[in-house]
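Peer 1: Quick one: the structure is below, and I'll ask about it shortly.
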Amino acid sequence: MKDLNLPEPIAAYFHADSQGAAAVARCFTRDGVVLDEGHTHAGPAAIEAWKTDASARYSYTATPHALEQHGRSYLVTSTVAGNFPGSPLDLRYAFTLERGKIARLEIGA
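Written as structure tokens, this is what we have:
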């Protein structure tokens, strides 16, 4: 992760990304939200289902290489490589943190 000094909840998310859907869901608040590919996934069960579906469709790795902070929001740019069209590409992960967990994550190009 190139010594970006990611905040703990964000570092935990990128680590959990390779550990499975339940591990990813645990990184979020109880009312956490993920926005990805035009869809909104709210709450632990929906976030776990989103990650399960994404993992079934794609095999990928995400390598963070840039970090910007704006208050309690963080923008992480990661190179994502895998078995999907356009790979590899840079994606922007916009995190909002709350009480040591992720309250909101929006993923986009």
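The sequence shown begins at 1 in full-length UniProt numbering and counts up one residue at a time.
Even for Gly, the Cβ is constructed at its ideal location relative to N, Cα and C.
Say whether the region 19 to 30 touches the region 87 to 107, bearing in mind that this needs 3 or more beta-carbon pairs closer than 8 Å, one atom from each stretch.
Peer 2: In short, these stretches touch, since the Cβ pair count reaches three.
Peer 1: What is the rounded straight-line gap between the Cα of A42 and the Cα of V34?
Peer 2: So the two alpha carbons sit approximately 6 Å from each other.
Peer 1: Span of the beta strand (DSSP E) holding P64?
Peer 2: Element bounds for P64: Y60 to H70.
Peer 1: Do you know how far the Cα of V76 is from the Cα of G38?
Peer 2: Cα to Cα, G38 sits roughly 19 Å from V76.
Peer 1: L105 to A56, Cα distance in whole Å?
Peer 2: Taking the straight line from one Cα to the other gives about 20 Å.
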